[in-house]
Amino acid sequence: MNFKVIVYILGWIMVLEALFMLLPMLVAAIYHESQGLSYAAVALGEGAVGGAIILKKPKDLNFYLKEGFVTVALSWILMSAIGALPFYISGDIPNYVDALFETVSGFTTTGASILSAVEDLAKCNLFWRSFTHWIGGMGVIVFLLAILPMAGGTNMNLMKAESPGPSVGKLVPKVKKTASITYRIYIFITLAEIAFLLLGRMPVFDSVCNAMGTAGTGGFSVRNTGFTTESPYIQWVVTVFMILFGINFYVYYLLTVKKFRDAAHHEEARTYLIIILLAGAFIAWDIRGLFDSVGDAIRHSYFQVGSVITTTGFASANFALWPETSRTILVMLMFIGACAGSTGGGIKVSRLIILVKTFFKEITSYLHPRSVKKIKMEGKPVEHEVVRATNVYLVTFIVLFATSVLLVSLENKDFTTNFTAVAATINNIGPGLSMVGPMENFGHFNPFSKLVFIFDMLAGRLELFPILLLFCPGIWKRRKSE
Amino acid sequence: MHNPLKKEPKEQNKNRLSIIIAGCGKVGAILVARLSAAGHDITVIDEDPTVVQRITSTYDVMGVTGNGASYSVQMEAGISKCDLMIAVTESDELNLLCCSMAQRMADCASIARVRNPDYAAELSYIREQLGISLIINPELDTAQEMARLLRMPGALEIDAFAKGNAELVKFKLPEKNVLCGKSVSETRDLNIDMLFCGVEREGNLFIADGSTTFQAGDAISVIATPINTHRFFKKIGIDTKHVRNCMIVGGSKTAYYLAKELEDMNIDVKILERDGKHCEELALQLTKTLVLNGDGSDTKLLTEEGLAQTDSFIPLTGLDEENILLTLYAKKYSKAKIITKINRMDFKPITDNMDLDTVLYQQYMVTERIATYVRAMQNSIGSNIETLYNIFDNRAEALEFRIRRGSKVCDKPIMELPLKKNLLLACINRKGRIIIPRGSDVLMPHDRLIVVTTHTGFKDVEDILA
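The listed protein sequences derive, respectively, from chains A and B. Numbering follows numbering that gives the first Met the number 0, with no gaps: position 319 of the first sequence is 318. Numbering follows numbering that gives the first Met the number 0, with no gaps: position 173 of the second sequence is 172.
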């Protein structure tokens, strides 16, 4: 392990986070809130430490996949641990574990909250909550790669560890350029959403926070009532943008380089949209009796479907009260998740495609034991390594999931609560059903369960292995030369 | 010794090229490493997904799996925005097709590696017909380099400048030579028009100036016209007679090309080849060469065939290890000039310490030529560099500039020019006449000036001024 480079990158992460904290300070200044001082204090301390670290660039910049994994995992933990401090210091969230839960939930774009009334928070804290979604959505390391010149394989190994999906590719030959293109697309769509929300007469502060919450597919709302009281126009705008942010960003890149045909034929995006279309239509039909008009049913159905499959977690209606079939479908969508290479979480549509195709290949091999088939995606053969990694991912996911449900069940809450609470955190969604439904929160769990959820959220966002690797003793062994 | 030089980090060049490299074998991988370090946008194509995977996780490049000559694969690799296609797959025909396709689709420059001797004579015709910018035949290049060295056995390396009118010759200073212990300024009495360029000692490179002192074992580089190099070697007592005969072990492609070159120079060639059938083929193609069917690593056979008496000995088996062993053996039992060809660069730090005399790294030569071409392409925008050579294992560059009318370097004696440090005006080519510049010489318009420097990124001759 090359610890010097890891520390160096962590230093950069700290500097970046300190800079990010300037924005909530600005918000505090605008609204004349004293809580802004806690951000100033944390940013100053963090910036000083980080700045001292990055002053000296390590000589040995050799960097492999394992360093990438460890760096990313540690970055996220460090970022959350420090990002939680302002909540704690300002006194808005008096318990540190709660503050950490809220911050991890923010950075991992989960959107699960321990707060029952978010409007009690200071504006700057509300802003920071939503801003963490935006940073976490595309990933802070990717942001770092867009601005920090690093050499050779370093960048790719970092990007691989942070970006979601079974196989991480680049848009253009250089990682730096890829990262900056991705962020440009991200910023552009976010600004577009803010504009559309403003057109619907949403206040500026709400528009910005909600747009950032949608962009990162996070789900923190700035209103106690979430989106239930917003106008149909706002609800449709948010629905469309949630679904847009769940699409693989490669598709947007293809659009920017005017390869419209390739973009329209993107298999993963197509499958994703078809799933949304079908699930939304079915649920709309299922809940038609609950609303005054078919239009309302369709709107609420698609809002919830879009919110859950992209793992955003906004709610325009309390879907915990919907019929059993609709609720079951929504829970299933939680696991599917968004496209790889998007800001969404979950298992990812591309993995689902690979798994389903593997299943059919296996079935064929029972009928024709000598049959030879290759799994293809996007018209190209999927390497055996990727198929294997996908299978292992699923198994690891299930083991982690089951263990978490077991640990949370120690509190003796009902099964639906435990199951959906873990599902909502490990898939980075936010709300589940029953006691963690869209109108409830996670505040009633004990600190131990909250730590389990924190772990699940981080593991889910970083696709399990970076976080799990930290528990591998071999990782911490030093090289002989050091 | 003073001013030990380190090469400064490459300047960030704005005009990055977008390059596609088809085939990621050994040469492909070295090219990826060199060109991506220089900041170019690189996409690699290889049929083997594991190779692509390995390359893309080691270097900041993009990878595409597939056949490099296929239209759709080239499209996927972004041929439409490509500046240069480099085809270095195993197959000559694929390389040619690949480059030809790329040239037609994107009108980009292209470099193909073609090594089959069947095409060797027709390379320039193929190049023109298919619109390829550069065809590289590594074996032929190696053979030509070897032939050049056999012409002057005292030299370790020879680089030709100004269309061969001047050469940069590197030689090792033997024990008890007249130059040992002398400084550059004390060598004036040799009275030969030549210039000491650089001295390499224990892995360090020094650009020579008046006070530089020579020691036995130094690798000294001088620049002069071929005739003056001869006279210089004669004066300091280094053998300059070209070899009369040559013994080659192994009948590889390089051996064939080398034998051809040597036949033209009227040097007697013996080739020892294990495979009988292959011997017959060689014998058909090489009329004057003596082809022997036998194992070249059999020391008895070597002795029988006159290893002790041969002027030069070149092991060209397919195995680096065998070549090195044969070299060491021949060094012990003969006084022949020995050239060792080594394919793999990875063990260069070890082989450098082995006292093998002249070593040619074929991969290095290939990548060097391509990298030089790329730099020249990059420089062609807004610069007046005619040719660029990387010398001293890449630690310095020799640049050939054309001097324009009204340039700031004209009309003044050289000693009055405020030159940068770590830089040497090596030679002036004035209408084909080679001048080794002295302080009192004046540069004139239309001169071609060769500058040796450890700086990089020079674009104009005026960049030499401080």
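Just so you know, even glycine gets a beta-carbon here, dropped at the ideal spot from N, CA and C.
Query raised in the report: If the cut is a Cβ gap below 7 Å, which residues of chain B does residue 55 of chain A touch?
Result: Within 7 Å Cβ-Cβ: nothing; residue 55 of chain A doesn't reach chain B, min ~17 Å.
Query - Under 8 Å from the C-beta of residue 23 of chain A: neighbouring residues of chain B - result: Simply none; closest approach about 34 Å.
Query raised in the report: Taking only runs of the alpha helix (DSSP H) that begin and end inside the region 284-340 of chain A, which ones reach a length of at least 4 residues, in chain order?
Result: Segments of the alpha helix (DSSP H) lying fully in the region 284-340 of chain A: 293-308, 323-335.
Query raised in the report: In chain order, what residues of the same chain lie with their CB nearer than 6 Å to the CB of residue 446 of chain B, ignoring the 5 residues before and after it?
Result: If we look at residue 446 of chain B and ignore the five residues flanking it on each side, its Cβ neighbours are 402, 427, 429.
Query raised in the report: Quick one: does residue 101 of chain A have its CB under 8 Å from some CB of chain B?
Result: Answer no: the Cβ-Cβ gap between residue 101 of chain A and chain B never drops below 8 Å.
Query raised in the report: Among A:71, A:65, A:103, which has the Cα closest to the Cα of residue 80 of chain A?
Result: The shortest Cα separation from residue 80 of chain A among A:71, A:65, A:103 belongs to A:103.
Query raised in the report: Who are the Cβ neighbours of residue 446 of chain A in its own chain at under 6 Å, not counting the five residues just before and after it?
Result: Closer than 6 Å at Cβ, skipping near neighbours: 96.
Query raised in the report: So with Cβ pairs under 8 Å, would you call residue 40 of chain B a contact of chain D?
Result: The chain inventory of the structure shown lacks chain D, comprising the protein chains A and B.
Query raised in the report: Anyone know if the C-beta pair for residue 194 of chain B and residue 186 of chain B falls short of 8 Å?
Result: For residue 194 of chain B and residue 186 of chain B, no; Cβs fall outside 8 Å.
Query raised in the report: How would you call residue 405 of chain A, buried or exposed, if buried means at least 16 neighbouring beta carbons within 10 angstroms?
Result: The residue in question, residue 405 of chain A, is exposed, as its Cβ has fewer than 16 Cβ neighbours within 10 Å.
Report task. Return the chain-ordered ranges of every alpha helix (DSSP H) run that is complete within the region 132-169 of chain B and spans a minimum of 4 residues. Result -> Within the region 132-169 of chain B, the alpha helix (DSSP H) runs of at least 4 residues that lie entirely inside it are, in chain order, 137-150.
Requested in this report: Using a Cβ cut-off of 8 Å (strictly closer), state whether residue 60 of chain B contacts chain A.
Outcome: The beta carbon of residue 60 of chain B falls within 8 Å of a beta carbon belonging to chain A, placing the residue at that interface.
Report task. Could you have a look at residue 438 of chain A and say whether DSSP puts it in helix, strand or coil? Result -> The answer is coil: DSSP assigns residue 438 of chain A none of H, G, I, E or B.
Report task. Report, in whole angstroms, the separation of the C-beta atoms of residue 396 of chain B and residue 386 of chain B, which I expect to be a contact under 8 Å. Result -> The Cβ separation is near 10 Å, so there is no contact.
**Report entry** Proximal chain B residues relative to residue 73 of chain A, where beta-carbon distance stays under 8 Å
**Finding:** What residue 73 of chain A touches in chain B, judged by beta-carbon distance under 8 Å, is nothing: the nearest beta carbon there is about 21 Å away.
Report task. Could you tell me how far apart the beta carbons of residue 282 of chain B and residue 309 of chain B are, in whole angstroms, since I believe they sit closer than 8 Å? Result -> For a cut-off of 8 Å, the C-beta gap from residue 282 of chain B to residue 309 of chain B is around 20 Å, too long to register as a contact.
Query raised in the report: Cβ of residue 458 of chain B within 8 Å of Cβ of residue 390 of chain B?
Result: With contacts defined by Cβ atoms closer than 8 Å, residue 458 of chain B and residue 390 of chain B do not form a contacting pair.
Report task. Could you spell out the range, first to last residue, of the alpha helix (DSSP H) harbouring residue 178 of chain A? Result -> Looking at the DSSP string, the run of the alpha helix (DSSP H) that includes residue 178 of chain A is 174-198.
Requested in this report: Check distances from the C-beta atoms of the region 168-181 of chain A to those of chain B and list, in chain order, the residues that come in under 9 Å.
Outcome: Residues are counted here when their Cβ sits less than 9 Å from a Cβ of chain B; for the region 168-181 of chain A these are 168, 169, 170, 171, 172, 173, 174, 175, 176, 177, given in chain order.
Query raised in the report: Could you give the C-beta distance for residue 355 of chain B and residue 323 of chain B, rounded to a whole number, given that I count them as a contact under 8 Å?
Result: Correct: roughly 7 Å between the Cβ atoms.
Query raised in the report: So which residues on chain B does residue 156 of chain A lean against when the C-beta distance must stay under 9 Å?
Result: Near residue 156 of chain A (Cβ distances below 9 Å), the residues of chain B are 56.
Report task. Kindly indicate the opening and closing residues of the alpha helix (DSSP H) around residue 243 of chain A. Result -> Residue 243 of chain A: member of the alpha helix (DSSP H) spanning 231-244, first to last residue.
Requested in this report: Work out the CA separation of residue 356 of chain A and residue 363 of chain A for me, nearest whole Å.
Outcome: When rounded, the distance between both Cα atoms is 11 Å.
Requested in this report: Could you work out which residue in B:352, B:137, B:211 is closest to residue 115 of chain B when comparing CA atoms only?
Outcome: Comparing Cα-Cα distances from residue 115 of chain B to each of B:352, B:137, B:211, the minimum goes to B:137.
Requested in this report: Measure the beta-carbon distance from residue 105 of chain B to residue 131 of chain B and round it to whole angstroms, keeping in mind my assumption that it falls under 8 Å.
Outcome: For a cut-off of 8 Å, the C-beta gap from residue 105 of chain B to residue 131 of chain B is around 13 Å, too long to register as a contact.
Report task. Out of B:46, B:439, B:272, state which residue places its alpha-carbon closest to the alpha-carbon of residue 294 of chain B. Result -> Ranking the options by Cα distance to residue 294 of chain B, first place goes to B:272.
Query raised in the report: What's the gap between the Cα of residue 408 of chain B and the Cα of residue 423 of chain B?
Result: Going by the C-alpha atoms only, they are around 14 Å apart.
Query - CA nearest to the CA of residue 36 of chain A, picked from A:255, A:21, A:177 - result: Of the candidates A:255, A:21, A:177, the one whose C-alpha sits nearest the C-alpha of residue 36 of chain A is A:21.
Query - Buried or exposed (CB count within 10 angstroms, at least 16 for buried), residue 234 of chain A - result: By the Cβ-count criterion, residue 234 of chain A is buried, with 16 or more other Cβ atoms from all chains shown falling within 10 Å of its own Cβ.
Query raised in the report: For residue 86 of chain B, which residues does DSSP report across the bridge?
Result: For residue 86 of chain B, which the question treats as bridged, DSSP gives the partners B:21, B:111.
Query raised in the report: Given residue 414 of chain B, which residues of its chain have a CB within under 8 Å of its CB, disregarding the five upstream and five downstream residues?
Result: So the list reads 438, 439, once near-sequence residues are dropped.
Query raised in the report: Going along the chain, which residues of its own chain have a beta-carbon closer than 7 Å to the beta-carbon of residue 148 of chain B, five neighbours each way excluded?
Result: Closer than 7 Å at Cβ, skipping near neighbours: 154, 157, 338, 357.
Requested in this report: Mind reading off the beta-carbon distance from residue 227 of chain A to residue 314 of chain A? Whole number of angstroms is fine, and I expect it under 8 Å.
Outcome: Approximately 7 Å separates the beta-carbon atoms of residue 227 of chain A and residue 314 of chain A; this is inside 8 Å, confirming the contact.
Requested in this report: Decide if residue 431 of chain B is buried, meaning its Cβ has at least 16 other Cβ atoms within 10 Å, or exposed.
Outcome: Classification for residue 431 of chain B: exposed.
Requested in this report: Output, in sequence order along the chain, the residues in the region 22-54 of chain B whose CB is closer than 7 Å to any CB in chain A.
Outcome: For the region 22-54 of chain B, the residues whose beta carbon sits under 7 Å from a beta carbon of chain A are, in order, 40, 41, 42, 48.
Query - Host beta strand (DSSP E) of residue 196 of chain B (start-end) - result: In the DSSP assignment, residue 196 of chain B falls within the beta strand (DSSP E) that extends over 194-200.
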